[in-house]
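To keep things clear, I will list the structure first and then write my remarks on it.
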Amino acid sequence: MKLTSIKEVREIMTRHGLVFNKGYGQNFLINEAIPRRIAEECGAEADSGILEIGPGIGTLTRELSQRYRKVTAVEIDSKLIPVLHETTADLNNLTVINADILKVDLNDLIRREFPDMKVSVCANLPYYITTPIIMTLLESGIPWQNITVMVQKEVAARLCAAPGESEYGAVTAAVLRYGRVMRLFGVSAGSFLPAPKVDSAVIRIVPDPVPAYSTKSELLMTRCIRGAFSQRRKTLVNSLASEFSELSKNELLEAVLARGYPADIRGERLSVQDFAAITDEIYDRIATKKGKGKEA
Ligand code: SAM
């Protein structure tokens, strides 16, 4: 069975009475070289476990299962489960779970599926929820060895951007709080059935073993990043004013200047360390103001 053959994919789908579910972002790989390359370059050690998100009909799953100790694949579409049982029947190191990856208790799943194993994520992600999935993986606190995923080319460019580059934005900064991102290779739209409108790219996120910054408040830093990119054309101070009603625009300006940044700096020039520094300054100023409010 050749799962990357268009004829074979169509035959399997027809036999199971299935159509590609656009709502679930179902674009299956039909370029034989790609699943092999993703599996080879996903950066995991042979003795480690792999969490695959959205196995589809099992094309990448098979490549992963042949190379790594254990694979657990989480697929939302219950109609694909009988297909997966058929296409992966010969694999004895695979568990298929029918669930929404955004709703499972990831920590519990990893403990159950991969006891005493290093774990990596490897997936051709459904494009409609790429960012929520990546953020859920990063925010879970699970010590992933790495996260290798295929995403839309434009999303890859955003995630791999550095401060000052036009693609750098809130999502880039949010991901950089957790790790380093690198682009592995591009994949043309014609490598999928059905072909999506845009090309794709495979990226790898390597989580930082210790955070690359420290801040007095993670929550405030999230607000700081969100605020900084909420109005891209405005200066950082003007953008932050819409997020932090606790401080006046002048107080926000003082906070930015106090950390040595120019008054007209924009959010897109700031690294996560810069955001942490400005967050701490805002934190102190809010705390002082609250303290004074209590005294009065
Ligand atoms: N891995 C297959 C391949 O490369 O050919 C299929 C990839 S396809 C782009 C995305 C897959 O993710 C589909 O099988 C889809 O049903 C599944 N999916 C979509 N949303 C999901 C979710 N929330 N949780 C788990 N799987 C999901």
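In this text, residue positions in the sequence shown follow this note's numbering: the first is 10, and each later residue adds one.
Glycine residues also receive a C-beta, built at the ideal position from the N, C-alpha and C atoms.
In this structure, does DSSP put residue i in helix, strand or coil?
{"i": "V28", "result": "coil"}
{"i": "M230", "result": "helix"}
{"i": "T224", "result": "coil"}
{"i": "L168", "result": "helix"}
{"i": "F194", "result": "strand"}
{"i": "S57", "result": "coil"}
{"i": "S209", "result": "strand"}
{"i": "R189", "result": "strand"}
{"i": "S13", "result": "As written in the sequence, residue 13 is Thr, which differs from the Ser given in the question. Looking at T13 - three-state DSSP - the assignment turns out to be coil, as it is neither helix nor strand."}
{"i": "S200", "result": "helix"}
{"i": "T244", "result": "coil"}
Figure out for me which residue from the options has the closest Cα to the Cα of residue i.
{"i": "P135", "options": "E176, I21, G65", "result": "G65"}
{"i": "P205", "options": "D293, N40, N36", "result": "N36"}
{"i": "L89", "options": "R278, V80, Y33", "result": "Y33"}
{"i": "D217", "options": "L262, E148, S251, V160", "result": "E148"}
{"i": "K11", "options": "T97, G58, K31, F29", "result": "T97"}
{"i": "I85", "options": "I110, I43, T139", "result": "I110"}
{"i": "E277", "options": "L262, V265, T181", "result": "T181"}
{"i": "V113", "options": "M159, T81, R268", "result": "T81"}
{"i": "E95", "options": "V265, T68, R76, K79", "result": "T68"}
{"i": "Q317", "options": "L60, A210, V18", "result": "What is shown of the chain runs 10 to 305, which leaves residue 317 out entirely."}
{"i": "R78", "options": "S175, V164, L60, A42", "result": "L60"}
{"i": "V130", "options": "V215, I138, A170", "result": "V215"}
{"i": "M159", "options": "V207, K31, R241", "result": "V207"}
{"i": "I43", "options": "N133, V92, E122, H25", "result": "N133"}
{"i": "M126", "options": "D56, Y137, I138, A166", "result": "D56"}
{"i": "R189", "options": "L266, A171, A237", "result": "A171"}
{"i": "P91", "options": "E252, V265, R24, S239", "result": "R24"}
{"i": "L193", "options": "I287, I212, L261", "result": "I212"}
{"i": "T297", "options": "A286, E260, I274, L266", "result": "E260"}
Do you know how far the Cα of residue j is from the Cα of residue i?
{"i": "M22", "j": "R71", "result": "18 angstroms"}
{"i": "L100", "j": "S74", "result": "7 angstroms"}
{"i": "Y187", "j": "P141", "result": "14 angstroms"}
{"i": "V184", "j": "L168", "result": "7 angstroms"}
{"i": "R120", "j": "I47", "result": "25 angstroms"}
{"i": "L118", "j": "T104", "result": "11 angstroms"}
{"i": "A272", "j": "I291", "result": "15 angstroms"}
{"i": "M191", "j": "K299", "result": "42 angstroms"}
{"i": "A179", "j": "V246", "result": "16 angstroms"}
{"i": "M144", "j": "N155", "result": "14 angstroms"}
{"i": "E49", "j": "K31", "result": "28 angstroms"}
{"i": "E227", "j": "D289", "result": "10 angstroms"}
{"i": "E263", "j": "G269", "result": "10 angstroms"}
{"i": "G302", "j": "A165", "result": "46 angstroms"}
{"i": "S14", "j": "K225", "result": "53 angstroms"}
Can you tell me the Cβ-Cβ gap for residue i and residue j, rounded? I've got them flagged as a contact below 8 angstroms.
{"i": "N116", "j": "I151", "result": "6 angstroms"}
{"i": "I295", "j": "L249", "result": "The Cβ separation is near 12 angstroms, so there is no contact."}
{"i": "L202", "j": "I39", "result": "5 angstroms"}
- Do the segment 218-233 and the segment 191-199 meet, that is, are 3 or more Cβ pairs less than 8 angstroms apart? With contact defined as three or more Cβ pairs closer than 8 angstroms, the segment 218-233 and the segment 191-199 are not in contact.
- Query: Are three or more beta carbon pairs between the segment 219-229 and the segment 276-285 nearer than 8 angstroms?
  - Reply: Contact between the segment 219-229 and the segment 276-285 is present, with at least three C-beta pairs closer than 8 angstroms.
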